[in-house]
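Colleague:
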Amino acid sequence: MKKVYLSALALLGSAASLFAQDAQMRKAPDQSPVQQATPGRACATMEVFESQLAADPARAQRMEAIEAQTRRYLAQPTMLQRSTTDGTTTITIPVVVHVVYNTAAQNVPQAQVEDQIRVLNEDFAKMNSDVNNVPSLYAGVASATNVRFVLATRNPSGGVTNGVVRVQTKTRSFSSNDFVKYTNKGGSNAWPRDKYLNIWLCNLGQGLLGYAQFPGGAAATDGVVCLYSSVPGGTASNYNLGRTATHEVGHWLNLRHIWGDATCGNDFVADTPTQQTSNGGCPTFPKITCNNQGDMSMNYMDYTYDQCMYMFTAGQSSRMDALFAVGGARELLKSSDGAKAQRQMAVVPMSLYPNPASDVLNLEIKGKARSNYAISVYDLRGQQMTQARYDGDGHVQVASLPKGLYYIRIANGTEVTHQRFEKE
Ligand code: ZN
Ligand code: CA
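Encoded structure:
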């Protein structure tokens, strides 16, 4: 395997020099995760990446192009162009969770899936309750990221979804061979990666906790796979707070292991210290290696127990941001409609009078605070009428509307009603 891998690299030439340099420093590709020098988290992301490189020389060129775009972005981190209208600076990614189960215990309930999304959001927002454990040496670089997650509400064909696909399988245990990502191999096909983050939960053999595909890989296998019992409240002891997903989604957003997968290796992040190798369990700080001031073993991209990892850095966050900048590998996710309003809306219990109205249309919303509703008026062709104004207290000024028939739309995020009225 190594021979094939090295000859594939030889084809790359100088265009991929930084990448090749990194590859030379990396540990042997046939070293399985359970043979790590330091016991700990078993993540097959690098092994999967290396077999992709071996199978397809163009894979390395795509990765180098992503690295080049990332370096350009970091040299001039322009404001990300966002499509949000609410003024937030975060990117919210619709998520589909494929629960691929052989036994009832592997059929992770909806509540636990939702808890996993909550943990992802807390960790990526630096809202995790254990962030105070970050040593003071690294408190200054510990950072929220700009990425958030929400279970999909709209499936690829536009229908309603709760964001979870359940597939019963005859496969007792998957490996990092990606079979879990194909319906015809006992798994569940990926949803389009331009709109969704695909997370597969399944049983994994060989002590594997999970693996991810870096940006630049095939669409059919894009996403992350996590051991079903690694979700919050799962049965994987020391790895059941949901941090396997945090770590793997970190890879999916182009983060490397913090030790750079080599002795004193490079993770392409300036504010993470160089460290000798992975850490497992719960290390005592500081553990000084490679002339650093202490390994950042509490970073999500190390191999420690769930309860002993609780930070990303600002530099890691910037690396993620580059993917969403213009020309970034995951830019299209910014305009995904995968979480847009396909939820079933309740009907607002309301009436309006007088109808027809000449100056003011009064809204009567039963038992609800009227100010919580957004009101808009449309003509029969669906054109929004800016002449109609709502005062937030049950009165819509319609005096400057031309005479005719209109629809009024009343919504608050969970309820919506359309009613017809006449302006006279
Ligand atoms: Zn990993
Ligand atoms: Ca570093």
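In short: position in the sequence shown from 1, add 9, done, that's our numbering.
Idealized CB from N, CA, C, for every residue including glycine.
1) Check the DSSP bridge columns for residue 385 and list the partner residues they point to.
2) Tell me where the beta strand (DSSP E) around residue 175 begins and ends.
3) In this structure, does DSSP put residue 3 in helix, strand or coil?
4) Helix, strand or coil for residue 266 per DSSP?
5) Where does residue 41 fall in DSSP's three states?
6) Quick one, are the C-beta atoms of residue 264 and residue 325 less than 7 Å apart?
7) Note the first and the last residue of the continuous beta strand (DSSP E) segment covering residue 157.
8) Would you kindly work out how many angstroms separate the C-alpha atoms of residue 245 and residue 238, rounded to a whole number?
9) From this set, 258, 285, 85 and 389, which residue's C-alpha is nearest residue 270's C-alpha?
10) Any heavy atom of ligand 1 closer than 6 Å to the beta-carbon of residue 283?
11) In the structure shown, what three-state DSSP assignment does residue 370 receive?
12) Looking at the unbroken alpha helix (DSSP H) that takes in residue 72, where does it start and where does it end?
13) Could you compute how far the alpha carbon of residue 40 sits from the alpha carbon of residue 426?
14) Tell me which residues share the same chain as residue 207 and place their Cβ nearer than 7 Å to its Cβ, disregarding the 5 neighbours each side in the sequence.
15) Nearest by alpha-carbon distance to residue 204: which of 342, 75, 395 and 338 is it?
16) Is the CB-CB distance between residue 394 and residue 410 below 7 Å?
17) For residue 8, which three-state DSSP category applies?
18) When the cut-off is 7 Å and only beta carbons count, does residue 349 lie next to chain B?
19) Are residue 252 and residue 318 closer than 7 Å when you measure CB to CB?
20) Does the pairing of the region 289 to 300 with the region 160 to 172 give three or more beta-carbon distances under 8 Å?
21) Is it right to say residue 125 is buried, meaning 16 or more other beta carbons lie within 10 angstroms of its own, or is it exposed?
22) Is it true that the CB of residue 268 sits closer than 7 Å to the CB of residue 221?
23) If you draw a straight line from the C-alpha of residue 256 to the C-alpha of residue 370, how long is it?
24) Would you kindly report the start and end of the unbroken beta strand (DSSP E) that includes residue 253?
25) Regarding residue 150 and ligand 2, is the C-beta to nearest heavy atom distance less than 6 Å?
26) In terms of residues, what are the limits of the alpha helix (DSSP H) holding residue 125?
27) According to DSSP, is residue 29 helix, strand or coil?
28) Between residue 65 and ligand 2, is there a pair consisting of the residue's CB and a ligand heavy atom that are separated by less than 6 Å?
29) Straight-line CA distance for residue 412 to residue 431?
30) Return the CA-CA distance between residue 181 and residue 212, expressed in angstroms with no decimal places.
31) If you drop the 5 nearest sequence neighbours on each side, which residues of the same chain put their C-beta closer than 7 Å to that of residue 36?
32) Counting by C-beta, which residues lie closer than 6 Å to a heavy atom of ligand 1, in chain order?
33) What first and last residue would you give for the alpha helix (DSSP H) that runs through residue 510?
34) For residue 74, which residues from the same chain have a beta carbon less than 8 Å from its beta carbon, with the 5 sequence-adjacent residues on both sides left out?
35) Please find out if some non-hydrogen atom of ligand 2 comes closer than 6 Å to the beta-carbon of residue 270.
36) Leaving out five residues before and five after residue 407 in sequence, what residues of the same chain have Cβ atoms less than 6 Å from its Cβ?
Modeller: Per the coordinate set shown:
1) To locate residue 385, count along the sequence shown from 1; it is residue 376. Partner(s): 418.
2) Here the question's residue 175 lines up with position 166 in the sequence shown. 173 to 177 is the extent of the beta strand (DSSP E) around residue 175.
3) The question about residue 3 has no answer, for the chain in this structure spans 10 to 433.
4) Reading the sequence shown from its first residue, position 257 is the one you call residue 266. Note: residue 266 maps to coil in three-state DSSP.
5) The sequence position of residue 41 within the sequence shown is 32, counting from 1. Reliability of the predicted coordinates at residue 41 is poor, the pLDDT of 41 falling under 50, and the value obtained from them is presented with this limitation in mind. Of the three classes helix, strand and coil, the one that applies to residue 41 here is coil, per DSSP.
6) Taking the first residue of the sequence shown as 1, we reach residue 264 at position 255. Taking the first residue of the sequence shown as 1, we reach residue 325 at position 316. In contact: residue 264 and residue 325 (Cβ atoms closer than 7 Å).
7) Taking the first residue of the sequence shown as 1, we reach residue 157 at position 148. It spans 156 to 160 - the beta strand (DSSP E) in which residue 157 sits, taken as one unbroken run.
8) The residue given as residue 245 occupies position 236 in the sequence shown. The residue given as residue 238 occupies position 229 in the sequence shown. Using only the alpha carbons, I get a separation of about 5 Å.
9) Taking the sequence shown and counting its residues from 1, one reaches residue 270 at position 261. Residue 270 has its Cα closest to that of 285, out of 258, 285, 85 and 389.
10) Mapped onto the sequence shown, residue 283 falls at position 274. No.
11) As a working note, residue 370 is residue 361 in the sequence shown. If DSSP states are grouped into helix, strand and coil, residue 370 belongs with the strands.
12) Reading the sequence shown from its first residue, position 63 is the one you call residue 72. Looking at the DSSP string, the run of the alpha helix (DSSP H) that includes residue 72 is 66 to 84.
13) Reading the sequence shown from its first residue, position 31 is the one you call residue 40. Reading the sequence shown from its first residue, position 417 is the one you call residue 426. Summary for residue 40: the model assigns pLDDT 37, below 50, so the residue's position carries little reliability; its value from the coordinates is reported in the next sentence. Each residue's alpha carbon lies about 60 Å from the other.
14) By one-based count along the sequence shown, residue 207 stands at place 198. Cβ neighbours of residue 207 beyond the five flanking positions: 105, 107, 199, 200, 231 and 232.
15) By one-based count along the sequence shown, residue 204 stands at place 195. Among 342, 75, 395 and 338, the Cα nearest to that of residue 204 is on 342.
16) Indexing the sequence shown from 1 puts residue 394 at position 385. Indexing the sequence shown from 1 puts residue 410 at position 401. Contact flag set, yes.
17) Past the boundaries of the shown model lies residue 8; the chain is included only from 10 to 433, so the question cannot be answered.
18) The displayed structure is made up of one protein chain only, and chain B is not part of it.
19) For the purposes of this step, residue 252 is identified with residue 243 of the sequence shown, where counting begins at 1. For the purposes of this step, residue 318 is identified with residue 309 of the sequence shown, where counting begins at 1. Yes.
20) no
21) Taking the first residue of the sequence shown as position 1, residue 125 is located at position 116. Burial call: buried.
22) The residue labelled residue 221 in the question sits at position 212 within the sequence shown. The residue labelled residue 268 in the question sits at position 259 within the sequence shown. Going by C-beta atoms, residue 221 is not nearer than 7 Å to residue 268.
23) In the sequence shown, counting from the first residue as 1, residue 256 sits at position 247. In the sequence shown, counting from the first residue as 1, residue 370 sits at position 361. Near 54 Å, if we compare the C-alpha coordinates of residue 370 and residue 256.
24) By 1-based counting over the sequence shown, the position of residue 253 is 244. Looking at the DSSP string, residue 253 is not in any beta strand (DSSP E); the run it does join, the alpha helix (DSSP H), is 252 to 261.
25) Stepping through the sequence shown from its first residue, residue 150 is reached at position 141. Outside the cutoff, so no.
26) Within the sequence shown, residue 125 is the residue found at index 116, counting from 1. Per DSSP, residue 125 belongs to the alpha helix (DSSP H) from 119 to 133.
27) Start at 1 with the first residue of the sequence shown, and residue 29 comes out as number 20. Confidence is the limiting factor: at residue 29 the pLDDT is only 39, short of 50, which leaves the residue's position unreliable and the question unanswerable from this model.
28) Walking along the sequence shown from the start, residue 65 turns up at place 56. False, no ligand heavy atom lies under 6 Å from that Cβ.
29) For the purposes of this step, residue 412 is taken as the residue at position 403 of the sequence shown. For the purposes of this step, residue 431 is taken as the residue at position 422 of the sequence shown. Spanning the two alpha carbons is a distance of roughly 8 Å.
30) By one-based count along the sequence shown, residue 181 stands at place 172. By one-based count along the sequence shown, residue 212 stands at place 203. Using only the alpha carbons, I get a separation of about 7 Å.
31) Position 27 of the sequence shown, counted from the start, is the residue given in the question as residue 36. Here residue 36 scores only 35 on pLDDT, less than 50, and its place in the model is too uncertain to base an answer on.
32) 52, 54, 256, 260 and 266
33) With the chain covering only 10 through 433, there is no way to say anything about residue 510.
34) Within the sequence shown, numbered from 1, the residue matching residue 74 stands at position 65. Cβ neighbours of residue 74 beyond the five flanking positions: 225.
35) Stepping through the sequence shown from its first residue, residue 270 is reached at position 261. No, ligand 2 has no heavy atom inside 6 Å of this Cβ.
36) Counted from its first residue, the sequence shown places residue 407 at position 398. These residues qualify, in order along the chain: 366, 370, 397 and 432.
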